[in-house]
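Chemist:
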Amino acid sequence: MLRYFKSLFPSLTKRSRDRERDRVRSVSMGEVEESGEMKSSERRVGIIYDEKMCKHNTPDGDYHPENPNRIRVIWNKLLANNIPQRCVVLNGKKAEDKHVMAVHSKNHVNLIRNISSKEFDSRRDGIASKLNSIYFNEGSSEAAYLAAGSVLEVVERVAKGDLNSGVAIVRPPGHHAECNEAMGFCLFNNVAVAASFLLDERPELGVKKILIVDWDVHHGNGTQKMFWNDSRVLFFSVHRHEFGSFYPGTDDGFYTMIGEGPGTGYNINVPWEHARCGDADYLAVWDHILIPVAKKFDPDMIIVSAGFDAALGDPLGGCHLTPYGYSVMLKKLMDFAQGKIVLALEGGYNLESIANSFLACMKVLLEDKPVSGSVEAYPFESTWRVIQAVRKKLSAYWPALADEIPLKLTSQNTSPLHVLIPSSDSEDEGTKAPNIVSENMLTAVQEVMEPFSKLKVEDSRDLLATSSTPWRSELSKIDIWYASFGSNMWKPRFLCYIEGGQVDGMKKACSGSMDRNPPKEISWKIFPHRLFFGRDSTRTWGPGGVAFLHPESSVNEKTYLCLYRITLEQFNDVLLQENVSSYNMNSPVFDLAALKAITKKGSLSLEIFRRGWYHNVVYLGNERDIPILTMTCEISDIESFKRGEFPMRPPPTEYVHTLVKGLVEGGQLSEEEAIAYIEEASSKPLC
Ligand SMILES: [Zn+2]
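Residue numbers (my numbering): 3 to 689.
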């Protein structure tokens, strides 16, 4: 079976590493002692933080987004706002093996128990490197047991009624950890250990039904699998999915995954189609999916897999939730299970964002006055599409989801709807390199923000000051011609790269450009370059080759190219979508300097996309003083095609159909001529 070894995190630059280190002061636990005393007028809210969980770190001390400062900043922020002083502060507690083994295999538990011991000193790095996005050091075992045990401790105390609600500020996170595998920074599945403990070990506490709400920006694949057949646990996850291209990179997080056997209908996924979802999108999902289902399910307890990597400013998440958004999401859950809610920290990598978001949640649990803020944006059109798909899929199990959503809600969207979705011609599961996304994310680890035009939230002003992307406004003033010789010759197909969406035959949606304005002009031209078809297959079009343009010209060749006049900003977004599926860019991959260089050099291979099939940008001259750029393979790839290392292959029927439509609707050729043109290009040897 193909495994996507997509990396959940990139390594960071030294500069950002140093900055992170300088930012956070280590705080000792001694500032607040364990206490049982608090004002009787307030709700009893438990809180666990244990500095020992900070000992889990990268073996060489290199910067990593999942680092000890994450929990320190949260604790500092709460201290500075007198929160622990108003809570029941509990000491961290290690989980017992038998409780961890309720959801993990014996092998896995043995590995995590022993990984930090001396005997593993020489093997530790090797073992980590075979896992997906995992590191280990001497502190990992203890931290893993503390994280799982601490969530269990809070959950048990809330179930007993000692506490009204509680939070566990723990790391390593847990929701990616599967029965027999650590992955995605997660060693033990903390939330799953706690939930299964209540259900199986402490039935006398009366918790028979647990709602797990996973609002981390990534799918909680581990938790889903652990309760897949179990109707006692309703697992709800809202996450970026992008048709399986966002971490963890499988179809597990799609809305069609609803559980099995007695658990059918008790697994709900809300898969975002793109980044940038914010308060309005999440609250729409709450109102139209989660809350109606929770009413019917009537949980005895709610455990939130509380990742804060969907927060505005998160370097990995690319979403726009604000502290206000989190507070409203949590407040709406307080109406259930008599407010018995436990938050367990999962992801979240912008230190300011996670601290502010966590604080907002604490204020809700303590029933402080509401966090200020407002939602002035509408959900994305894609959000309504996803909500409706989820409701339709689950309405047989949750009749409240069967009603139509009022049209006035769904018609408030602003972006146009395309009905189809694949990404580029070049995506290929068979040859896709495991770390494409992480390479791209190297550029994306700092604040990835578009101008914050849609929401106005007072609490986030300070965040926004550091989070703009000035390159976009600069490059939006420069026009280029993007020249297409493949399926993008068909305008509706190309528009998916600008406006987002998908067209007939495509299995995946495009995320589109940040700038959704259509091309200013469209023109056609014939170039003296060789068109040919190769590679094995694509997810979008199935088995068969896709179009490439020989990067060098040759007098005997003739290829039709459709020229779209777009901005250099949009070109960057197109480049990205042609080569990788993730959509985080805080700096351009093809900037003004690149544009200048390419007019002299003729072509420029983009190192960051070097595993993409179309990472070579080729300059084809000017049209009315505007440079014409296309993207294709490199000269060295041509040699690989000639040697047979890359297969030459005729295009699949549906792909041909799209090319022919492009040429015919573009007024270049008749249908018969277009078919003959493609046939010739796909049968002629490459010389
Ligand atoms: Zn996450």
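Where a beta carbon is used, it is the ideal one built from N, C-alpha and C, also for glycine.
1. Hey, could you find the ends of the alpha helix (DSSP H) D283 is sitting in?
2. Ligand 1 heavy atoms versus the CB of D281: any closer than 7 angstroms?
3. From which residue to which residue does the beta strand (DSSP E) around L565 run?
4. W217: which of G208, G349 and V505 sits nearest, CA to CA?
5. Which term fits T385, buried or exposed, when burial requires 16 or more other beta carbons within 10 angstroms of its beta carbon?
6. Can you give the Cα-Cα distance for E673 and I600, rounded to whole angstroms?
7. Does the beta-carbon of G349, which I'm using as the reference point, lie nearer than 7 angstroms to any heavy atom of ligand 1?
8. How about H177 and V193: are their beta carbons less than 8 angstroms apart?
9. Would the C-beta of V505 count as close to ligand 1, meaning under 7 angstroms from any of its heavy atoms?
10. The alpha helix (DSSP H) that contains V366, what's its start and end?
11. Would L665 pass as a contact of P590 if the rule is Cβ separation under 8 angstroms?
12. According to the neighbour-count rule (16 or more other Cβ atoms, all chains shown, within 10 Å of its Cβ), is E158 buried or exposed?
13. Indicate the three-state DSSP secondary structure (helix, strand or coil) for D300 in the structure shown.
14. Tell me, please, which residues DSSP counts as bridged to E523.
15. Considering only the beta carbon of each residue, do V1 and A149 sit closer than 8 angstroms?
16. Mark K603 as exposed unless 16 or more other C-beta atoms lie within 10 angstroms of its C-beta, in which case mark it buried.
17. How many angstroms separate the CA atom of S486 from the CA atom of N588?
18. Specify the secondary structure class of C188 as computed by DSSP and reduced to three states.
19. Can you tell me which residues form a DSSP beta bridge with W274?
20. Going by the C-beta, is H552 closer than 7 angstroms to any heavy atom of ligand 1?
21. Between the stretch 230-249 and the stretch 271-284, can you find at least three pairs of beta-carbon atoms closer than 8 angstroms?
22. Is the beta carbon of F338 sitting closer than 8 angstroms to the one on A296?
23. Nearest to E155 by CA position, among I171, P372 and L318, is which residue?
24. Looking at N581 and F611, is the spacing between their C-beta atoms short of 8 angstroms?
25. Would you say K663 reaches chain B, if we count a Cβ-Cβ gap shorter than 8 angstroms as a contact?
26. Quick one: is K479 buried, meaning 16 or more other Cβ sit within 10 Å of its Cβ, or exposed?
27. Alpha carbons only, please: which of C564, F229 and T225 is nearest the one belonging to G669?
28. Can you look up I49 in the DSSP assignment and give me helix, strand or coil?
29. For F496, I'd like the list of residues in its chain whose CB is within less than 7 angstroms of its CB, leaving aside the five on either flank, ordered along the chain.
30. For A308 and I568, I'd like the C-alpha separation in whole angstroms.
Modeler: In brief:
1. D281 to V287
2. No, the Cβ of D281 stays beyond 7 angstroms of every heavy atom of ligand 1.
3. T561 to T569
4. G349
5. Result: buried.
6. 35 angstroms
7. yes
8. The beta carbons of H177 and V193 sit closer together than 8 angstroms.
9. no
10. L353 to L367
11. In this structure, P590 does not lie closer than 8 angstroms to L665 by Cβ.
12. It counts as buried.
13. coil
14. Beta-bridge annotation (DSSP): E523 is paired with R567.
15. Here the chain has residues from 3 to 689 only, and residue 1 is not among them.
16. The C-beta of K603 has fewer than 16 other C-beta atoms within 10 Å across all chains shown, which makes the residue exposed.
17. 26 angstroms
18. strand
19. R242, per the DSSP bridge assignment.
20. no
21. yes
22. Taking a C-beta distance under 8 angstroms as the contact criterion, F338 and A296 qualify as a contact pair.
23. Of the candidates I171, P372 and L318, the residue whose Cα lies closest to the Cα of E155 is I171.
24. yes
25. Looking for chain B here will not work: only one protein chain is present.
26. With fewer than 16 neighbouring CB atoms inside 10 Å of its own CB, K479 falls in the exposed class.
27. C564
28. When DSSP states are grouped into helix, strand and coil, I49 belongs to the strand group.
29. S486, N490 and Y566.
30. 40 angstroms
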